[in-house]
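Enquirer:
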DNA sequence: TCCATGACCGACT
DNA sequence: AAGTCGGCCATGG
């Protein structure tokens, strides 16, 4: 039974399915799991611990921007990981979904 | 047990 | 073209 597998965990599974070099928005991820919302995705990722196997850095907001304050250290880490996978940022720090979007 | 908040999104003005 | 408002589920005090 999947009682141990909440929507919370299913969302993380979807994130795990995002291939390297691609990105998905919170909305795209939540759309893969019925009964979940973009807000839940953000809440799920915020609860992750360091060293998790979930590629949380491949999840960005619908505007194609990293959904974290630039002053936060996690922002730089997320951006560095994405660039390491070949994802490019525009001059306005935006990612083009048409080129790097997963779905 | 109830209330408030959260790494958001879409529609409307 | 940009800013505002409500809604969705799970967690913590």
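Numbering (the numbering used here), first residue to last: 4 to 106.
We put the CB at the ideal spot given by N, CA and C, even for glycine.
1) Can you pull the DSSP bridge partners for residue 28?
2) Which word fits residue 90, buried or exposed, when buried means at least 16 other C-beta atoms lie within 10 angstroms of its C-beta?
3) Buried or exposed: which applies to residue 103, given that a residue is buried once 16 or more other Cβ atoms fall within 10 Å of its Cβ?
4) How long is the line joining the alpha carbons of residue 43 and residue 93, rounded to whole angstroms?
5) Answer yes or no: do residue 62 and residue 36 have a C-beta to C-beta separation smaller than 8 Å?
Expert: Taking the definition as stated:
1) Answer by DSSP bridge pairing, in chain order: 63.
2) buried
3) Counting every other CB atom within 10 Å of its CB across the protein chains shown gives residue 103 a total of 16 or more, marking it as buried.
4) 28 Å
5) no
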